[in-house]
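Residue numbers (this note's numbering): 10 to 256.
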């Protein structure tokens, strides 16, 4: 699935890929990194917010430190195909990220750079805060994620990050249904899911966790509405290794 996804996304040397939204950003970032290194690319993965510390299986080397020190460390580890960079580890065990301005420096040391540019605390749906997402201007591909596990669910905090803001954003009440029309608005509104996308860059929405007939039906309904608006959409499941395009 990852090899097909890399092909569908048209990933190439020089790309800086920024991931925003909910529904599996960290998993997608490390899956893409693994797939790209298998193809012979050198990859750096990082964040401009916070991410869970990756396992040894996800990344062979994690480097922590101030940005200038990280550049020196990269020079000393040019033989390693995939490196994750962060400023420091928090008390909660998260990795604190780098400044968006610094991300552009990293392209000199890798073929591709993967950036988690948003946080959602593992929830499938989120509304951005005033200073979110933190997308580097050097981004060449902007991927906005949604979790299909939120479709058809009641509008409750367990499914939606920044719940109070989301109630105002959507003009909904707690318990209202999260249908395709609700998430269509999230994608299309100016302050919605595509907020922070640098002008003119490649972009798409990836609806993840499309598992089972009910989720597939709802996700297809949402995807078709977004495609009418000229938005590129992929459906899939990182868990099951499935990917759909051209519906």
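Ideal Cβ placement from N, Cα and C applies to all residues, glycine included.
C-alpha distance - residue 125 paired with residue 184, whole-angstrom precision: Looking up residue 125 in the chain shown gives position 116. Looking up residue 184 in the chain shown gives position 175. For residue 125 and residue 184, the distance between alpha carbons rounds to 30 Å.
Enclosing beta strand (DSSP E) for residue 216 [first to last residue]: Taking the first residue of the chain shown as 1, we reach residue 216 at position 207. For residue 216, the enclosing beta strand (DSSP E) stretches over residues 211-217.
Residue 268, DSSP secondary structure in three states: Lying outside 10 to 256, the shown extent of the chain, residue 268 is not represented and no answer is given.
Own chain, CB closer than 6 Å to residue 118, minus 5 neighbours either side, in chain order: The residue given as residue 118 occupies position 109 in the chain shown. Taken in chain order, the residues that qualify are 83.
Proximity of residue 67 and residue 111 at Cβ, strictly below 7 Å: Locating residue 67 in the chain shown gives position 58, where the first residue counts as 1. Locating residue 111 in the chain shown gives position 102, where the first residue counts as 1. Against a cut-off of 7 Å, the Cβ pair of residue 111 and residue 67 comes out as no contact.
Cβ pair residue 159, residue 189 closer than 7 Å: As a working note, residue 159 is residue 150 in the chain shown. As a working note, residue 189 is residue 180 in the chain shown. One thing to note: residue 159 has its Cβ no nearer than 7 Å to the Cβ of residue 189.
is_contact[residue 68, chain B] using C-beta, thresh 7 Å: Reference to chain B is not applicable here, since this structure consists of a single protein chain.
Span separating the alpha-carbon of residue 33 from that of residue 100: Translated into the one-based positions of the chain shown, residue 33 becomes position 24. Translated into the one-based positions of the chain shown, residue 100 becomes position 91. Approximately 23 Å, taken between the alpha carbons.
Cβ neighbour criterion (16 or more within 10 Å) applied to residue 70: In the chain shown, residue 70 corresponds to position 61, counting from 1. Residue environment for residue 70: exposed (fewer than 16 other C-beta atoms within 10 angstroms of its C-beta).
DSSP three-state assignment for residue 95, whether helix, strand or coil: Numbered from its first residue, the chain shown carries residue 95 at position 86. Strand, per DSSP.
Sequence ranges, alpha helix (DSSP H) only - wholly within the stretch 101-150, length at least 4: Secondary structure in the stretch 101-150: the alpha helix (DSSP H) runs of 4 residues or longer, each lying completely within the stretch, are 109-115 in chain order.
C-alpha gap between residue 11 and residue 44, whole angstroms: Counting from one through the chain shown, the residue named residue 11 turns up at place 2. Counting from one through the chain shown, the residue named residue 44 turns up at place 35. Whole-angstrom Cα-Cα distance: 6 Å.
Neighbour-count burial assignment, residue 86, 16 or more Cβ in a 10 Å radius: Translated into positions along the chain shown, residue 86 becomes position 77. That one is exposed.
Backbone secondary structure at residue 170 - three-state DSSP: Translated into the one-based positions of the chain shown, residue 170 becomes position 161. Here residue 170 sits in strand by DSSP.
Cβ-based neighbour list, residue 51, same chain, cut-off 6 Å, excluding 5 preceding and 5 following: For the purposes of this step, residue 51 is taken as the residue at position 42 of the chain shown. Taken in chain order, the residues that qualify are 90, 119 and 120.
Exposed unless 16 or more other CB atoms sit within 10 angstroms - verdict on residue 186: Indexing the chain shown from 1 puts residue 186 at position 177. Looking at its Cβ environment, which holds fewer than 16 other Cβ atoms inside 10 Å, residue 186 is exposed.
Alpha carbon of residue 88 to alpha carbon of residue 116, nearest angstrom: Stepping through the chain shown from its first residue, residue 88 is reached at position 79. Stepping through the chain shown from its first residue, residue 116 is reached at position 107. Going from the Cα of residue 88 to the Cα of residue 116 covers about 16 Å.
Neighbourhood of residue 109 by C-beta, 6 Å cutoff - its chain only, sequence neighbours within 5 removed: The residue you call residue 109 lines up with position 100 of the chain shown. Closer than 6 Å at the Cβ level, and outside the excluded window around residue 109, lie 57, 143 and 145.
Spatial distance of residue 195 from residue 162 (CA atoms): What you label residue 195 is simply residue 186 of the chain shown in a count that begins at 1. What you label residue 162 is simply residue 153 of the chain shown in a count that begins at 1. Going from the Cα of residue 195 to the Cα of residue 162 covers about 16 Å.
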